[in-house]
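FYI, my numbering numbers position 385 of the sequence shown as 371, with every residue one higher than the one before it. Built from N, CA and C at the ideal position, the CB exists for glycine as well. As the structure is a computational prediction, the values presented were derived from the model and not from experiment.
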Amino acid sequence: MSPATPAGPAGSEDVVALLALAPPDGTTRFVDQIVRDAPPGSAFRYFSWPRALLGRYDVLHVHWPEFLLRSGTRRGSATKAALFLLLVARLRATGTPVVRTLHNLKPHTPGSWTEAVLLELLDARVRHHITLNPVTRVPSRRPSTHIPHAHYRDVLPSARRCGRPGTALFVGRIEPYKNVPHLLGVFATLPDPELRLRVVGQADRPLREELQGLAEADPRVGVRFGFVPDADLAAEVAEASLVVLPYSELHNSGVLLVALSLGRPVLVPRTPTTDQLADEVGADWVRRYDGELGADDLEAALRAAPGTARGAAPRLDGRDWPSVAAAHQAVYRRVVAERAEARAAEAGPGARRAERTRVYVYPSGQRNNLGDSVLRRAYLDALRRHGRLHVCVGPDDGYVSGLGLRPGDVVHASPPRWLASALSPRPFRLVAALNAGELVLDTRFAAGVPGKLALALLASLRGGRTVAVGLGVRSPGSRLGRSALRALLRPVSLLAWRDPQSRVWLGQGEVAPDWALALGTPVPELRTEEAPRDVLAVCLRGDRPVPSERWFETVRLLALAHDAELVVVTQMTGDEPRAEEVAARLGASRLPWTGGSHAEHERAVRAVYRRSVAVVSDRIHALILGLTEGAVPVGYTTGRAEKIERTFAAFSTLPVAFSDAELEAGDDPLARAQALVAQRATFLDDLDAARDVLEDLAQELGTTAGAGVRRSRVDMERSAARSRRTGRTTVPTSAR
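Given below as structure tokens:
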């Protein structure tokens, strides 16, 4: 086959992918499922060092990148390392995107530390990951797509017969981690003389000699060493009733798919991957064992195998070759389009300013708290208008997914690298943006202040500024914590707290609404919606006292009054036990969350709130997210309501929060809640005004130092405008 393999009519729309794989050679290999049935507009080249360094291609697709570096000699390894560095330099200079398929969690054979460092350089160029199963954890914050391993039903001769009962087969390349000697040892303990075991595949000499000796000791065992053509592979599988893969590490396996494609059940170790596959194709087809393979596991699987093979074929939907090939092509087109979009942005209006300005921000938050990622996403969106974001984030991909990072953002994996990039000799203006969200003024906070001050100093030296918008302090904190915060705020030219009490405690700055209010459904759409709201959402903290019986009765009656279904929502994973308990007592449905993608869970939460009359919660960002989707915030709490009160006081005068402990004699919590629901139009006016203020702030983030002095005037203008719309007199946020 030629080095370039078009899969359709070549032309200007072709996306040329350089595959770090050998070209198809007539045998069934992984590369075939990418190229054989690729849609029109696809073109492929296959890896060689001259082609990788000098050839034309739009995207590089790597699979097992360690093999680009490994050689049998020191000289060969050194040569490959030099070529590898040249490849990384070429990719960086041309902006060519890299796609990586994650076949294994880590190489089966560990490499040197030099290899690890070089592979990190390539990983930094990866713009998209492909996973072969949905449980693979992607090691970076880049986007990923799940493309399942294709089946082989259409390419291997079908196994028409059920196989010889009692015959087990191991097939594939024989490596130490596959535990084949252990399989022979376990098989030797089975007393049935009618059982058979076949071992088929290539092996290095030491392993081959060990297996040969074990096989000669048991006449029921047959071995075949060497390359196995497709027809022979199919015949070996057809002869067996069970395929056994006793690997010590099993994440993805082509042999497993071969067996299932030919209608043979498999016996494999229990892993998240094999559990997921068993759910997909049927547990009888994927039999699992725990720990090391034992005689009982093997004997039971051999006994059950003939019945499974005579039944319906395993479900392998979505694994056909055209679908898999089309999915790969879609990924290639996506990363190429993203590169073009980034280049267009660099060449378009405002590009010079974005190129001249870098905005440094460390948007850390609680990885298991949805509200933390939502408010910081809105903050990042505002900062991004004024320069290229340089973001330092941790390793938790679930949390990072909620930050809405974009292809043009520069992501740093560690604080030292993040700060080091600010020392680049290139000329640029630096804006240092302090993280939004709640501060705890303790010793740990004070210890982190010197690094933040260093960044603020760099911002000043580079003609930029330091901004802090959307901060709040939990309490006055320790004297050391307050002193450290005051020192940190000295170089800040734009300071806005998310609640008026924080401003009182620190005695400086202005007040503005929480950034999370900037996201969600537009207010005009909420005002004119026609779909009925048929849900009452409940979201409670797990670290507060259990609600009173009066609380439960109030929530039930509120739902009944609005003919609404009760749904208990979790926005922080630690609240799950409380959510389960509350849902059981209310007889409510649940939207649980045990972790994972913030972005996906936020979509699910917003869908519930978009249907909700109100959100009853003691979580600030459950109430805020609900409001941004048109649900009235009802802060009926089991503890103190002070924190909710002061956060909402930044943009609303309505009494959102109340608690059993603070209700006066004769107060009816149901009447309080109903009164809030009746004020929905006013809440939407408050939301609209809050978004106006946040839009002003977003624009001011990029202006010159001193803009913060104008905050009070902006606040007063916005408050006056809101008063004219609502007929109410409100207190300017700067005066609260």
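Range of the contiguous beta strand (DSSP E) that encloses residue i
i    : result
H376 : R374 to C378
S407 : Element bounds for S407: not the beta strand (DSSP E) but the alpha helix (DSSP H), P401 to S407.
P255 : V252 to P255
L228 : L228 to V230
R210 : V207 to F211
Three-way DSSP call (helix, strand, coil) for residue i in this model
i    : result
R589 : helix
R363 : helix
P192 : helix
L4   : strand
D23  : coil
H114 : strand
Y385 : helix
F634 : helix
A154 : strand
H314 : helix
E615 : coil
H398 : strand
A29  : strand
T559 : helix
R699 : Only weak support is given to the placement of R699: the predicted model assigns it a pLDDT of 35, under 50, and the value that follows is read from those uncertain coordinates. In the structure shown, R699 sits in a helix (DSSP, three-state: H, G or I).
E496 : strand
R714 : Residue placement at R714 is poorly supported in this model, since its pLDDT is 35, which falls under 50; the coordinates are not used for a value here.
Span of the alpha helix (DSSP H), counted from its first residue to its last, around residue i
i    : result
I160 : Here I160 belongs to no alpha helix (DSSP H), and DSSP marks it neither H nor E.
G187 : Counting along the chain, G187 falls outside any alpha helix (DSSP H), though it belongs to the beta strand (DSSP E) covering R182 to G187.
S350 : Careful: S350 lies outside any alpha helix (DSSP H) and carries neither H nor E.
A667 : R666 to E686
L492 : P486 to L492
T540 : E535 to A547
H132 : Unbroken run through H132 is the beta strand (DSSP E), S130 to H132; no alpha helix (DSSP H).
L170 : V166 to A174
A517 : A517 -> no alpha helix (DSSP H), and no H or E assigned at all.
P510 : V509 to R513
D218 : D216 to E225
Beta-ladder partner(s) of residue i, from DSSP
i    : result
G643 : Here residue 643 turns out to be Ala, not Gly, going by the sequence shown. Answer by DSSP bridge pairing, in chain order: G621.
T122 : Its beta-bridge partners do not exist; DSSP assigns none.
S575 : V553
L522 : L552 and A600
E324 : Partner(s): none; E324 has no beta bridge.
R415 : T343
Cβ separation of residue i and residue j, assumed to be a contact under 8 Å, to the nearest whole Å
i    : j    : result
V478 : V459 : Contact flag wrong, Cβ pair sits at about 14 Å.
L546 : L613 : Going by Cβ atoms, the distance from L546 to L613 rounds to 23 Å, so no, they are not a contact pair.
G394 : R374 : 6 Å
T633 : R484 : 6 Å
A473 : V521 : About 47 Å; that fails the 8 Å criterion.
A482 : L683 : 6 Å
A408 : L444 : 5 Å
A5   : I20  : The displayed chain sequence assigns Leu, not Ala, to residue 5. At roughly 7 Å, the Cβ-Cβ gap stays under 8 Å, so L5 and I20 are in contact.
V618 : R564 : About 22 Å; that fails the 8 Å criterion.
G27  : V1   : 7 Å
G616 : E515 : 7 Å
Residue i beta carbon near the ligand GTP (any heavy atom closer than 7 Å)
i    : result
R320 : In the structure shown, the ligand GTP is absent, as is every other ligand, since no ligand is present at all.
Those runs of the beta strand (DSSP E) which lie wholly inside the segment 417 to 482 and span at least 3 residues: Fully enclosed beta strand (DSSP E) runs of 3 or longer: 423 to 425 and 451 to 459.
Entirely enclosed alpha helix (DSSP H) segments - the segment 31 to 109, minimum 4 residues: Fully enclosed alpha helix (DSSP H) runs of 4 or longer: 35 to 40, 60 to 80 and 99 to 109.
Continuous beta strand (DSSP E) assignments of at least 3 residues falling wholly in the segment 232 to 280: 252 to 255 and 272 to 275
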